[in-house]
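Q: For what it's worth, the numbering used here labels the leading residue of the sequence shown as 336, then goes sequentially.
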Amino acid sequence: MSATSYGRRPRLTRRGRLFLLLLLALLVAAGAALLLVLRESGAPARSLVVPEGWRASQVYAALDQRLHLPPGTAKKAAATTDLKLPVEAKGNPEGYLYPATYPVKEDATPGSLLAYMVATAKGRFGQDRITEGARSSGLTVYQLVTIAGIVQAEADSAADMGKVARVIRNRLAQGMPLQMDSTLNYALNRSTPATTTRDTKTDSPYNTYEHKGLPPTPIGNPGQQALDAAIRPTPGNWLYFVTVAPGDTRFTDSYAQHLLNVGEFNENQKQRSGSA
Numbered sequence: 336m337s338a339t340s341y342g343r344r345p346r347l348t349r350r351g352r353l354f355l356l357l358l359l360a361l362l363v364a365a366g367a368a369l370l371l372v373l374r375e376s377g378a379p380a381r382s383l384v385v386p387e388g389w390r391a392s393q394v395y396a397a398l399d400q401r402l403h404l405p406p407g408t409a410k411k412a413a414a415t416t417d418l419k420l421p422v423e424a425k426g427n428p429e430g431y432l433y434p435a436t437y438p439v440k441e442d443a444t445p446g447s448l449l450a451y452m453v454a455t456a457k458g459r460f461g462q463d464r465i466t467e468g469a470r471s472s473g474l475t476v477y478q479l480v481t482i483a484g485i486v487q488a489e490a491d492s493a494a495d496m497g498k499v500a501r502v503i504r505n506r507l508a509q510g511m512p513l514q515m516d517s518t519l520n521y522a523l524n525r526s527t528p529a530t531t532t533r534d535t536k537t538d539s540p541y542n543t544y545e546h547k548g549l550p551p552t553p554i555g556n557p558g559q560q561a562l563d564a565a566i567r568p569t570p571g572n573w574l575y576f577v578t579v580a581p582g583d584t585r586f587t588d589s590y591a592q593h594l595l596n597v598g599e600f601n602e603n604q605k606q607r608s609g610s611a
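Below you can see the structure in the form of structure tokens.
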């Protein structure tokens with residue numbers, strides 16, 4: 336480096352200056368766009384995820400935790416907030432706390448979030464294909480949601496949902512009790528694949544071993560796939576099903592075959608218990 340060039344401040348070429356100006360303009364434009372998006376969306380810093388199949392009790396607990404409130408606050412809010420529920424619900428939002436990711440703004444309250452969930456559910460359940468599906472089946476939308484809640488809880492996979500819905504519809508058509516473990520689990524506030532004879536004697540309107548027809552309310556908050564299955568069940572004559580092992584659900588219209596399948600399920604349960 337020569338003495339004359341040493342210490343000289345480097346100068347940008349004309350092309351370099353144009354590049355920097357363009358880059359600066361792009362950064363300013365991107366910042367303005369980001370501010371606009373944040374302003375329009377309310378810039379929610381938090382969110383609440385309601386998974387498909389969650390019960391209202393689980394939603395309440397998640398709300399209390401997300402909003403840093405004492406346990407039981409959201410449940411109380413559900414009883415005191417005008418949630419615009421169907422008359423059939425009798426004030427119980429079960430089934431209408433639609434599974435989705437909800438923004439949680441700084442001024443959010445349990446009541447406002449629950450109302451948002453119910454409004455979302457009513458918007459989805461009020462679509463023409465759903466109301467028409469209920470009408471053509473001789474059911475109300477609320478009954479469809481109740482069936483979908485059972486499908487969501489009972490199906491081992493999305494592929495089985497249509498078949499589970501068909502079993503429910505076939506049993507209802509024949510005046511058979513549904514005998515669904517999921518409704519019994521709801522009555523007992525638990526989730527387990529095993530049901531004992533003593534369990535089936537539980538005194539509850541959700542005990543579909545003892546009571547014919549649908550339970551009085553949904554037993555959870557179903558997603559879109561379960562609702563679609565309730566509207567359009569897979570064609571078939573099945574009356575029984577049991578998930579013998581994960582990924583292996585057996586459907587049949589033969590009670591004798593069903594007993595064999597249940598025996599295989601029980602054997603698998605014993606082996607799992609032994610290995611555990």
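Glycine is no exception: its CB is placed at the ideal position from the N, C-alpha and C atoms.
1. By DSSP's criteria, L383 is part of a beta bridge. Which residues make up the other side?
2. Looking at L449 and A500, is the spacing between their C-beta atoms short of 8 Å?
3. Would a C-beta distance cut-off of 8 Å place V384 and T455 closer than the cut-off?
4. Excluding sequence positions up to five away, which residues of its chain have a Cβ less than 8 Å from the Cβ of A424?
5. Using CA atoms only, rank isn't needed, just tell me which of V486, K605, Q509, W573 is closest to H593.
6. Which complete alpha helix (DSSP H) runs does the segment 465-551 hold, if anything under 4 residues is left out?
7. My understanding is that G484 touches G555, with C-beta atoms under 8 Å, so please give their C-beta distance in whole angstroms.
8. Measure the alpha-carbon distance for P445 versus H546 and round it to whole angstroms.
9. Between the C-alpha atoms of E441 and R401, what's the straight-line distance to the nearest angstrom?
10. Under three-state DSSP, which class holds R567?
11. Is the Cβ-Cβ distance between F460 and V486 less than 8 Å?
12. Here's the rule I'm using: 16 or more other beta-carbon atoms within 10 Å means buried, otherwise exposed. How should V538 be labelled?
13. On the DSSP letters alone, give me the boundaries of the beta strand (DSSP E) that Y451 sits inside.
14. Whole angstroms are fine: how far does the CA of K457 sit from the CA of A414?
15. Pull up the distance between the alpha-carbon of S472 and that of I566, whole angstroms please.
16. Excluding the 5 residues preceding and the 5 following M452 in the sequence, name in chain order all residues of the same chain whose CB lies nearer than 6 Å to its CB.
17. Can you give me the start and stop residues for the alpha helix (DSSP H) that V422 sits inside?
18. Since R506 and L513 are thought to touch, with beta carbons under 8 Å apart, how far apart are those beta carbons, to the nearest angstrom?
19. For T569, which option in G609, Y395, F586 has the closest C-alpha, if you only look at C-alpha atoms?
20. Cα separation between L370 and R525?
21. In the DSSP assignment, what residue or residues form a beta bridge with T415?
22. For E602, count the other beta carbons within 10 Å of its own beta carbon; 16 or more makes it buried, fewer makes it exposed. Which is it?
23. For D583 and A443, what's the separation of their Cα atoms in angstroms?
24. Would you decide whether S589 is buried or exposed? Buried here means 16 or more other CB atoms lie within 10 Å of its CB.
A: Quick look at the numbers:
1. The partner list for L383 (beta bridge, DSSP) reads Y437.
2. No, the Cβ-Cβ distance between A500 and L449 is not below 8 Å.
3. no
4. G430, Y431, Y477, T552
5. W573
6. 476-489, 496-508, 516-522
7. Sure, about 5 Å apart at Cβ, within 8 Å.
8. If I take the Cα positions, the gap works out to 34 Å.
9. 11 Å
10. coil
11. no
12. Correcting the residue type first, residue 538 is Asp in the shown sequence and not Val. Label assigned to D538: exposed.
13. That residue, Y451, is in no beta strand (DSSP E); its alpha helix (DSSP H) goes 445-460.
14. C-alpha separation (whole angstroms): 18 Å.
15. 8 Å
16. L432, Y433
17. No alpha helix (DSSP H) holds V422; DSSP gives it neither H nor E.
18. 6 Å
19. F586
20. Unreliable placement is indicated for L370, whose pLDDT of 40 sits below 50; no coordinate value is reported for it.
21. DSSP output for T415 lists no bridge partner at all.
22. exposed
23. Approximately 43 Å between the Cα atoms of the pair.
24. exposed
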